[in-house]
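First up is the structure itself, then whatever we jot down about it.
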Amino acid sequence: CSETAWVCNICIESGRTFKSLKTHFKSAEHEIQECSRLPLKVKNKCFQDTSSGVWWDMDTCLVPKGFDPFQVRQCIESALKNHLPFTITAIGNICIPFRRLYPIFSSGIRMIHGKDGPVDILKDMERWALSHPPPATLILISDREEVFVGSGILPSFKERGYTIIRAFQKHPEVPPKYASQMILWDYLLSAGCEDSNQETTSTKVEYKCSETAWVCNICIESGRTFKSLKTHFKSAEHEIQECSRLPLKVKNKCFQDTSSGVWWDMDTCLVPKGFDPFQVRQCIESALKNHLPFTITAIGNICIPFRRLYPIFSSGIRMIHGKDGPVDILKDMERWALSHPPPATLILISDREEVFVGSGILPSFKERGYTIIRAFQKHPEVPPKYASQMILWDYLLSAGCEDSNQETTSTKVEYKCSETAWVCN
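Mapping the sequence shown onto the working numbering, position 85 (from 1) lands on 935, and the numbers just tick up by one.
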């Protein structure tokens, strides 16, 4: 049900055919990114030493009229100087006039373009947190308080030991209990500039601590220069994706009608030795037939021999390649949930229970009215309270195949309802 059959979260690439996936895995670009790990993950020493991160929701906290956009970064750093050094990431619809965008970009603020505002912010926070354990500080500038509280993720950050500072365009009716400090966006800018003795600069700041200066979550593209950002925004590909909304978001009727989604962690729940990989999808669908129709997304390190990968891919299972396992799974769940409100069903096949419980996201899905089914390679010591049903991975495959009267097929399944068959994160 998607035009995208695979996603590589390592390189921010995606495609529809198995041939394109093979070509991508053999490319020099992918080999370089595999060696240097994630392109969006901090690697440089100056970046890793930061104990704070700032996320600016550009859709709800706009640059005030008449304010010099060249001064935004300078004012934020001055107002929050007790938390320096930190990185600033601006997230939202950044398809704005280039004369307004360039001053912000050139000051060294990292930019992510997308239409999933809160989801894009939260998934970037989770990615950042992987290399910044507590007691780090997360500073969020956004007016979408209900969405962030409803997800349960920000409160879970506090429970894990992070300090959270919130900035708003206007004060919320109910102050967030998870925040240690609140500040108004306009005050942050004005107080920061008054307190700063630095001169406003219009020169470009080099990206010394990050490999990626901008990301387009609509097209799964990224780059380092403002010129490349302008070129991308003017491309036919971007215009098409803007018109059709998100490439990974459900649009087709057959996809929208699904009330269940399946996420398979390929790193912890392997295809058993001797098992026909062509039958994986067939067995999952048969064992979980009461929840059909659903989409199956396999996530993990899919750089495996093509003879083992092709049978899974050709059966119609969507694939996401990345090294952030739980983060990649949770962000894809959040994206899926945007167009599948409760009472939808989320089915997770993974053995990383501690990580999922620790994030607080799966319990928050239950609180929002979703039904959660869990499949494990082996039963966890403590059964998850949020799950309505548990099943073993091996039993799911064997019971599904025994219950199925379908013949095993080795023919390719076309992606009629999805934009991307694979993605390289």
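Yeah, the Cβ is synthetic: ideal placement off N, Cα and C, and Gly gets one too. Just so we're clear, the structure is a prediction, and the values are computed from it rather than from any experiment.
Contacting residues, own chain, Cβ-Cβ under 8 Å from residue i (five flanking each side not counted)
i, result
"Gly-969", "Note on identity: in this sequence residue 969 is Val, with Gly being the wrong assignment. Contacts found: Lys-1181, Glu-1184, Arg-1185 and Leu-1188."
"Leu-1034", "Ala-1017, Phe-1018, Gln-1019, Lys-1020 and His-1021"
"Glu-1009", "Gly-1210"
"Leu-1138", "Ser-1110, Val-1112, Phe-1144, Ile-1197, Ile-1223, Leu-1246 and Gly-1250"
"Lys-1080", "Phe-948"
Helix, strand or coil at residue i [DSSP, three-state]
i, result
"Thr-1221", "strand"
"Thr-1145", "strand"
"Gln-1227", "coil"
"Gly-1111", "strand"
"Cys-851", "Below a pLDDT of 50, predicted positions are generally treated as unreliable, and Cys-851, at 43, falls in that range; the measurement from the model is reported next regardless. In the structure shown, Cys-851 sits in coil (DSSP, three-state: anything other than H, G, I, E or B)."
"Phe-1125", "coil"
"Thr-1081", "helix"
"Val-1205", "helix"
"Cys-858", "strand"
"His-933", "helix"
"Leu-988", "strand"
"Gly-1011", "coil"
"Cys-1066", "strand"
"Ser-1030", "coil"
"Arg-1074", "coil"
"Gly-916", "coil"
"Gly-942", "strand"
"Gly-1150", "strand"
Nonlocal neighbours in the same chain, by C-beta distance under 6 Å from residue i, ignoring five residues either side
i, result
"His-963", "Ile-944 and Cys-1066"
"Ser-901", "Ala-986"
"Val-1207", "none"
"Gln-1031", "Ile-1015"
"Pro-1161", "Pro-1127 and Phe-1128"
Selection from the options that minimises the alpha carbon distance to residue i
i, options, result
"Gln-1239", "Val-999, Ala-1225, Pro-1230 and Ile-1146", "Ala-1225"
"Asn-859", "Ser-992, Tyr-1245, Val-1177 and Pro-984", "Val-1177"
"Glu-976", "Ile-1211, Ile-1154 and Pro-1234", "Ile-1211"
"Val-913", "Ile-991, Leu-972, Phe-875 and Leu-1138", "Ile-991"
"Thr-937", "Trp-905, Ser-956 and Leu-1159", "Trp-905"
"Glu-863", "Gly-1172, Ser-1214, Ala-1237 and Glu-1204", "Gly-1172"
"Lys-965", "Ser-1110, Asp-907 and Thr-867", "Asp-907"
"His-933", "Met-961, Pro-984, Ile-989 and Gly-958", "Ile-989"
"His-880", "Cys-861, Arg-950 and Lys-973", "Cys-861"
"Ala-1237", "Arg-950, Ser-1214 and Pro-1005", "Ser-1214"
"Ser-1209", "Ser-877, Gly-958 and Phe-1007", "Phe-1007"
"Arg-1202", "Pro-1193, Lys-1123, Gly-1219 and His-1229", "His-1229"
"Asp-918", "Lys-931, Leu-951, Gly-903 and Leu-930", "Leu-951"
"Thr-1013", "Pro-1025, Gly-1000 and Pro-983", "Pro-983"
"Gly-1166", "Lys-931, Ile-1154 and Val-1130", "Val-1130"
Whole-Å CB distance - residue i paired with residue j, under 8 Å assumed
i, j, result
"Ile-1197", "Ile-1223", "4 Å"
"Ile-1149", "Met-1116", "7 Å"
"Pro-947", "Phe-920", "That pair is no contact at about 15 Å."
"Leu-1247", "Cys-1133", "5 Å"
"Thr-939", "Arg-960", "5 Å"
Residue i: first and last residue of the uninterrupted beta strand (DSSP E) it sits in
i, result
"Gln-1239", "1239–1242"
"Ile-1170", "1168–1171"
"Asp-1178", "Looking at the DSSP string, Asp-1178 is not in any beta strand (DSSP E); the run it does join, the alpha helix (DSSP H), is 1175–1187."
"Asp-907", "902–907"
"Glu-863", "863–865"
"Met-1116", "That residue, Met-1116, is in no beta strand (DSSP E); it is neither H nor E in DSSP."
"Arg-994", "No beta strand (DSSP E) holds Arg-994; DSSP gives it neither H nor E."
"Ile-971", "Counting along the chain, Ile-971 falls outside any beta strand (DSSP E), though it belongs to the alpha helix (DSSP H) covering 967–979."
"Ile-1199", "1195–1199"
Beta-carbon proximity list for residue i, same chain, < 7 Å, skipping 5 on both sides
i, result
"Lys-872", "Phe-1156"
"Trp-1243", "Cys-1119, Ile-1199, Ala-1225, Phe-1226 and Gln-1227"
"Leu-1159", "Ile-1152"
"Pro-1233", "Met-1240"
"Asp-909", "Gly-942, Asn-943 and Gly-967"
Start and end residues, alpha helix (DSSP H) containing residue i
i, result
"His-874", "868–876"
"Arg-950", "948–956"
"Leu-1159", "1156–1164"
"Ile-962", "It is not in any alpha helix (DSSP H) - Ile-962 instead sits in the beta strand (DSSP E) that spans 960–963."
"Ile-1134", "1130–1137"
8 Å Cβ cutoff, residue i in contact with chain E
i, result
"Lys-1020", "Absence of chain E from the displayed structure is noted, only one protein chain being present."
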